[in-house]
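One structure is given below, encoded as structure tokens.
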Amino acid sequence: MLPRNLNNQDGPQPVHWRELSDGVPTLTGLATLCSRYLAGLTPPAEQLSLEAQAILWTARQRGVMELQSQPELFDSSDRLLAIVVELPDQKRWMFKRHADPRTTMLFLEGFRQLCQSGLVVHQSHREFSLTAAGFGMAEQIDPQTLATSLSFGQELDA
Numbered sequence: 032m033l034p035r036n037l038n039n040q041d042g043p044q045p046v047h048w049r050e051l052s053d054g055v056p057t058l059t060g061l062a063t064l065c066s067r068y069l070a071g072l073t074p075p076a077e078q079l080s081l082e083a084q085a086i087l088w089t090a091r092q093r094g095v096m097e098l099q100s101q102p103e104l105f106d107s108s109d110r111l112l113a114i115v116v117e118l119p120d121q122k123r124w125m126f127k128r129h130a131d132p133r134t135t136m137l138f139l140e141g142f143r144q145l146c147q148s149g150l151v152v153h154q155s156h157r158e159f160s161l162t163a164a165g166f167g168m169a170e171q172i173d174p175q176t177l178a179t180s181l182s183f184g185q186e187l188d189a
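Our numbering numbers the first residue of the sequence shown as 32 and each following residue consecutively.
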């Protein structure tokens with residue numbers, strides 16, 4: 032599904048119901064932003080939101096992120112795509128909360144900023160990683176300025 036949409040220049044291809052429930056159109060859009068940056072086809076970088084900076088800082092050690100969804104859950108806010116960052120020692124940090132879909136979407140927007148700015152590259156399926164520039168910028172972030180944004184995340188069970 033992803034290669035077909037990434038290479039399509041004539042408009043979107045039909046998306047099947049199962050692909051919609053897995054967030055494929057959004058994943059494809061984010062992967063496309065990453066590839067447009069790599070191809071030199073992106074607009075000038077914008078100021079990164081606090082949410083984007085929180086994702087960068089959290090990913091600074093391993094640099095690996097995944098967009099996850101749980102389409103089988105009952106509550107619609109539980110089915111939203113979430114940014115999940117790999118931490119050392121096989122731990123993961125998720126930027127999503129059941130009772131706060133607005134802030135969950137602010138983190139998804141922050142992730143879009145990272146893709147468009149060339150700080151994140153699409154790797155495979157739902158997986159993304161920091162670029163060399165992303166690692167460099169992550170090291171320069173002062174976590175003191177991100178206390179509220181970082182506290183929105185939560186550690187996932189292993």
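Ideal Cβ positions, reconstructed from N, Cα and C, are used throughout, including at glycine.
Taking C-beta to C-beta, are residue 62 and residue 141 nearer than 8 Å?
-> No, the Cβ-Cβ distance between residue 62 and residue 141 is not below 8 Å.
Flag this pair as touching only if the region 111-122 and the region 89-100 have three or more C-beta atom pairs under 8 Å; answer yes or no.
-> With a cut-off of 8 Å on Cβ pairs, the region 111-122 is in contact with the region 89-100, counting three or more such pairs.
When the Cα of residue 157 is compared with those of 144, 167, 115 and 149, which residue comes out closest?
-> For the residues 144, 167, 115 and 149, the minimum Cα distance to residue 157 belongs to 115.
Where does the unbroken beta strand (DSSP E) through residue 160 begin, and where does it stop?
-> Residue 160 -> beta strand (DSSP E) spans 158-161.
Could you check how far apart the C-beta atoms of residue 79 and residue 144 are, in whole angstroms? I think they sit under 8 Å.
-> About 6 Å; that satisfies the 8 Å criterion.
DSSP state of residue 36 mapped onto helix, strand, coil | Residue confidence for residue 36 is low, a pLDDT of 47 falling below 50, so the modelled location carries little weight; the figure read from the coordinates is stated next. Residue state, collapsed to three classes: helix.
Near residue 168, what residues of its chain come up, given a Cβ to Cβ distance below 7 Å and the 5 sequence neighbours on each side ignored?
-> Excluding sequence neighbours, residue 168 sits near 87 and 150.
From residue 60 to residue 186, what does the alpha carbon distance come to, in whole angstroms?
-> Going by the C-alpha atoms only, they are around 27 Å apart.
Neighbourhood of residue 174 by C-beta distance below 7 Å, restricted to the same chain and skipping five residues each side | Only 88 and 181 meet the Cβ criterion.
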